[in-house]
Structures are given as C-alpha cells and as structure tokens.
Amino acid sequence: MTLLDSFKALKADFIYTSEEIDYWKLWPKEGLIKDDCDGFSLNLVLRHFGSFWKPILTGKAKLYHCKYYGVGHMVVKIEGQYCDNITGTPFVRIPVGYTGFKEYGPLTVLGGFFGFKSKWRYRLLKWIDGLK
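Numbering-wise, our numbering comes out as the position in the sequence shown, counting from 1, plus 650.
Here's what the structure looks like:
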C-alpha cells in the first residue's frame, strides 16, 4: 500500500476529537479512530507499516511536534512526506501556518507512551480531578 493509500484510508476512519487530558494511544489496525493530531500521526505509522516501533527505531517514520497557527500539533514524516489530520494529502513543502518543527527521537516517543503522555498519567490526573 502506498503512503497516499494509507493516508486516505486513515482519513476515512478518523474523527477528530479533542482530549481533555492529552495522552498517546495506538488503536486497532482497522476501524474507526476518535482521537486528535497525535492519534492520527501515531496510527498512520502503525497502519502504513503494519507495526509501530520498528519504523520509529529505524527512522523510516519520524514524529514531529510543531505549531499550527500557534497551537501545538503533531505530524509524522514518512518517505520524505509530512502527514497530519489537518491536510487533505501528504505534503513535502511546509504549508503556511506550520512552524517550529522539533523531532521526537525514539527515546522521546518511548517516554511519551510510558511517561509524559501515558494512559497512566491520564488516569492519575482524572483521579486527582475527581477528588476536587
């Protein structure tokens, strides 16, 4: 499957949903995904390659934090093309409104799943919020 095919297939299954507490999650390889920009980027890697960690560790897929008109955003770069949930197609040239690209290295991605963007942190924050 080409990157464009993977991108279009995910776009068809993707419904943007903002999260009150942001955390990273890999969804099943098929079916509807209700998530935000990081969910789109993370799951495009999974759906395009059939696995997540190997392309991240080998550099075949690179995740980036950037700003989209001043708001934090995540994109993924695969085969020299950037992809995200906002654009209608993968892009090579950075469109207007995207600034401040910072690559997430593999250790940062690992930290995202098991630390600063983990479901455990999410559950802890929800529990603390329930104490108020």
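A virtual CB, placed ideally from N, CA and C, is assigned to each residue, including glycine.
Predicted model only: the values in this text are computed from it and were never measured.
- Message: Does Lys-675 come out as helix, strand or coil in the three-state DSSP assignment?
- Response: By 1-based counting over the sequence shown, the position of residue 675 is 25. Coil at Lys-675, not helix or strand.
- Message: Helix, strand or coil for Leu-713? Go by DSSP, reduced to three states.
- Response: On the sequence shown, position 63 is the one that residue 713 refers to. Strand at Leu-713.
- Let me know the secondary structure DSSP gives Lys-767 once reduced to three states. As a working mapping, residue 767 is identified with position 117 in the sequence shown. The answer is coil: DSSP assigns Lys-767 none of H, G, I, E or B.
- Message: DSSP three-state label for Phe-657, please.
- Response: Your numbering for residue 657 matches position 7 in the sequence shown. Phe-657 falls in the helix class under three-state DSSP.
- Message: Let me make sure I understand the geometry here. Which of Phe-764, Asn-735, Lys-752 has the alpha-carbon closest to that of Cys-668?
- Response: Taking the sequence shown and counting its residues from 1, the one referred to as residue 668 is at position 18. Here residue 668 turns out to be Ser, not Cys, going by the sequence shown. Ranking the options by Cα distance to Ser-668, first place goes to Asn-735.
- Using three-state DSSP, classify Asp-685 as helix, strand or coil. By one-based count along the sequence shown, residue 685 stands at place 35. Asp-685: strand per DSSP, three-state reduction.
- Query: Helix, strand or coil: how does DSSP classify Phe-690 here?
  - Reply: Residue 690 sits at position 40 when you count from the first residue of the sequence shown. Note: Phe-690 maps to helix in three-state DSSP.
- Query: What residues match up with Trp-727 in a beta bridge as DSSP calls it?
  - Reply: Your numbering for residue 727 matches position 77 in the sequence shown. The amino acid occupying residue 727 in the given sequence is Lys; Trp does not appear at that position. In the DSSP output, where bridge partners are listed per residue, Lys-727 has Lys-712, Tyr-732.
- Message: Applying the 10 Å Cβ sphere with the 16-neighbour rule, what's the burial state of Met-651?
- Response: The sequence position of residue 651 within the sequence shown is 1, counting from 1. That one is exposed.
- In three-state terms, what does DSSP make of Thr-667? One-based indexing of the sequence shown puts residue 667 at position 17. Looking at Thr-667 - three-state DSSP - the assignment turns out to be coil, as it is neither helix nor strand.
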